[in-house]
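A.B. asks: Quick one: the structure is below, questions incoming.
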Amino acid sequence: MAGDDLPALALRLLERQPPPGPMIAPELLVPGTLPDLVDALGRPETPAHPALLASLVLKYAHAYVHPERLGEDVSLADLTELAGRFVRRRGGSALLAGQHALRRFLLHHGFALQMLLDLPKTVHLLTALLAANPDVSGRFLGLDCGAGTGILLLGTYLLARRHGVAAPTLMGVEVQPQVAARADALLSSLGVGRVRQADATRPETYAALPEGPVACLANETLPSAGRRLYKEPFPAISAALFAALGPRLSRTVFLPEAVWASDRPGREWLRLAPENAFAGDAGGHAKPLRLAFMRDVELAGQRVPVERVGEGLAWLVAEPWREALCRRW
Ligand SMILES: C[S@@+](CC[C@H](N)C(=O)[O-])C[C@H]1O[C@@H](n2cnc3c(N)ncnc32)[C@H](O)[C@@H]1O
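Convert by adding 647 to the 1-based position in the sequence shown; the result is the number in my numbering.
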C-alpha cells in the first residue's frame with residue numbers, strides 16, 4: 648500500500664469491475680451504423696423487433712458519448728466497454744481509471760445514460776411508441792418533455808417516418824443544460840429534431856412552438872414504483888402542457904398513455920389520462936395529486952406496474968449484466 652494516496656484508495660472502494668462477457672448476446676446485435684439502423688427502422692416494412700431496437704439504443708448511447716464515431720459500425724466489444732462504465736453510476740468503474748475527462752462527462756450525463764442503457768425498459772417504451780397510431784393528416788409536431796438523451800424523440804421520429812411523414816417537426820425539452828446540448832447535437836446530426844434547454848413545468852416554454860395540433864407527446868418524467876408523484880415533475884409538466892396547449896392536444900398520442908397512482912394502502916386509485924389533463928379524476932375531495940404514490944403505466948393499451956415495464960425483455964441483456972444495467976425507474 649506504500650505510495651497509494653488516500654483519495655485514490657477511497658475511490659477504489661466505490662469501484663466495481665464490470666460483469667464478465669459481452670453485455671448482449673452477439674447474435675442479437677444487428678450490424679450497421681446508427682444512421683443505417685435509423686434508416687431501416689424508419690421504413691414501415693422493417694419489423695421493429697426487440698433485438699433491432701436494442702441495437703439502435705446501444706449504438707445511440709455510444710454516439711451520445713462518442714459523437715465523432717457516429718458513422719462507425721461500433722463493435723460489441725466497444726459497446727460492452729461503454730456499458731461497463733455504468734456498472735455504478737456515481738463511483739464509475741475500474742474501466743475509467745485515469746480517464747478524468749471521461750469520468751467527469753459520464754458523471755454529468757450518467758442519469759440520462761443509465762436510463763437509456765436499461766435496454767428492456769427502453770425497448771419496451773420504444774415498442775409502445777411505435778405501436779401508436781398518430782394523426783398524420785397535417786404537419787407532424789412531436790414533443791418530448793424531460794428529453795434526457797432524446798431517445799424517445801428518436802422513437803417519435805421513427806413513428807412519423809413509419810407512417811409516411813418525411814420530415815416531422817420534433818422538439819425535446821430538457822432542463823439540464825449539458826444533457827440538452829448533447830442530445831440536441833446528436834439528434835440534429837441525425838436529422839431527427841432539436842432539444843432545447845428549458846423548464847418543461849413552465850407554460851411559456853411552449854410559446855415558441857410551431858402552430859397546429861401536437862401529433863405525439865412523450866413525458867416520461869415519472870418516479871419509480873411506490874414513490875410519491877411529486878418526486879418527479881410529471882404532474883407539473885402535464886399541468887403546464889395542458890395550460891399552454893389545451894385544444895392542440897385533443898388528437899395527440901401520448902407516451903405513456905395513462906398513469907395510475909394510489910394512496911399508500913392502495914384503497915383509492917387515480918387514473919391520470921389525457922381526458923383529465925393527466926391530473927386524475929377523483930373530484931374535489933381527493934388528497935393533492937402530488938401526494939399519491941406511483942403505481943402503473945399504460946403502454947400500447949396494456950396497464951403495467953411500473954416496475955414490470957420491460958420484464959418480458961430481460962433476455963436482451965446478458966445475464967451477468969442484468970442487475971447492473973436495469974436501473975430505469
Ligand atoms: C426519466 S428521465 C427521461 C429520460 C429520457 N426519456 C430518456 O430515455 O433518455 C427525466 C429527464 O427529465 C429531465 N427533467 C427533470 N425536470 C425537468 C423539467 N422541469 N423540465 C425539463 N426537463 C426536466 C431530467 O433532467 C431527466 O433528463
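All C-beta atoms in this analysis are idealised placements derived from N, C-alpha and C, irrespective of residue type, glycine included.
According to the neighbour-count rule (16 or more other Cβ atoms, all chains shown, within 10 Å of its Cβ), is H626 buried or exposed?
C.D. replies: Since the displayed the chain opens at 648 and closes at 976, residue 626 lies outside it and no answer follows.
A.B. asks: Does the Cβ-Cβ distance between P691 and T774 come in under 8 Å?
C.D. replies: Not in contact: P691 and T774 (Cβ atoms no closer than 8 Å).
A.B. asks: With DSSP as the reference, please indicate the residues paired to A865 in a beta bridge.
C.D. replies: D791, L902
A.B. asks: Need the endpoints of the alpha helix (DSSP H) that L919 sits in, please.
C.D. replies: First-last for L919: 916-919, but that is the beta strand (DSSP E), not the alpha helix (DSSP H).
A.B. asks: Within its chain, find whatever has a CB closer than 7 Å to the CB of A965; leave out the 5 residues flanking it on each side and keep chain order.
C.D. replies: G668, P669, M670, I671, A672
A.B. asks: Let me check one thing: in DSSP terms, what residues is D943 bridge-paired to?
C.D. replies: W907, P952
A.B. asks: Give a yes or no on whether the C-beta atoms belonging to G689 and L777 are separated by under 8 Å.
C.D. replies: Judged by beta-carbon spacing, L777 lies beyond the 8 Å limit of G689, meaning their Cβ atoms are not closer than that value.
A.B. asks: Taking P682 as the reference, give the member of L749, L837, T796, P714 with the closest Cα.
C.D. replies: For the residues L749, L837, T796, P714, the minimum Cα distance to P682 belongs to L837.
A.B. asks: Report, in whole angstroms, the separation of the C-beta atoms of F889 and T868, which I expect to be a contact under 8 Å.
C.D. replies: That belief does not hold up - the Cβ atoms of F889 and T868 are roughly 15 Å apart, past 8 Å.
A.B. asks: Note down, one range per segment and in chain order, each alpha helix (DSSP H) of at least 4 residues found wholly within the segment 844-899.
C.D. replies: The alpha helix (DSSP H) runs lying completely inside the segment 844-899 and spanning 4 residues or more are 881-892, given in chain order.
A.B. asks: Please classify H756 as buried or exposed, where buried requires at least 16 neighbouring CB atoms within 10 angstroms.
C.D. replies: buried
A.B. asks: Can you tell me whether Q825 is buried or exposed, with buried defined as 16 or more other CB within 10 angstroms of its CB?
C.D. replies: Residue burial annotation: Q825 is exposed, with fewer than 16 other C-beta atoms found within 10 angstroms of its C-beta.
A.B. asks: Considering E821, what are the terminal residues of the beta strand (DSSP E) in which it resides?
C.D. replies: 816-821
A.B. asks: By the DSSP assignment, the alpha helix (DSSP H) with A835 in it spans what residues?
C.D. replies: Reading off the sequence shown, one finds Ser at residue 835, where the question assumed Ala. Unbroken alpha helix (DSSP H) run through S835: 824-836.
A.B. asks: Mind checking who V842 pairs with in its DSSP beta bridge?
C.D. replies: The secondary-structure analysis by DSSP pairs V842 across a beta bridge with G819.
A.B. asks: With DSSP collapsed to three states, give me the class of W968.
C.D. replies: In the three-state reduction of the DSSP assignment, W968 falls in the helix class, which pools H, G and I.
A.B. asks: Please name the residue in L790, S885, A813, A655 whose C-alpha comes closest to that of H747.
C.D. replies: A655
A.B. asks: My guess is that P921 and L896 are in contact by the Cβ rule of under 8 Å, so how many angstroms apart are they, rounded?
C.D. replies: For P921 against L896, the beta-carbon gap comes to about 7 Å, under 8 Å, which counts as contact.
A.B. asks: Should A649 be labelled buried (16 or more other beta-carbon atoms within 10 Å of its own) or exposed?
C.D. replies: Caution applies to A649, whose pLDDT of 47 falls short of 50 and renders its modelled position unreliable; the model cannot decide the point.
A.B. asks: Under three-state DSSP, which class holds F733?
C.D. replies: coil
A.B. asks: Tell me, please, whether the segment 793-811 touches the segment 906-924 by the rule of three or more beta-carbon pairs shorter than 8 Å.
C.D. replies: Under the 8 Å Cβ criterion, the segment 793-811 does not count as touching the segment 906-924, having fewer than three qualifying pairs.
A.B. asks: Say whether the segment 899-918 touches the segment 941-951, bearing in mind that this needs 3 or more beta-carbon pairs closer than 8 Å, one atom from each stretch.
C.D. replies: yes
A.B. asks: Considering Cα atoms alone, identify which of L705, S722, C792, T680 is closest to L760.
C.D. replies: Ranked by Cα distance from L760, the first of L705, S722, C792, T680 is L705.
A.B. asks: Give the DSSP-derived three-state secondary structure of D683 in the structure shown.
C.D. replies: helix
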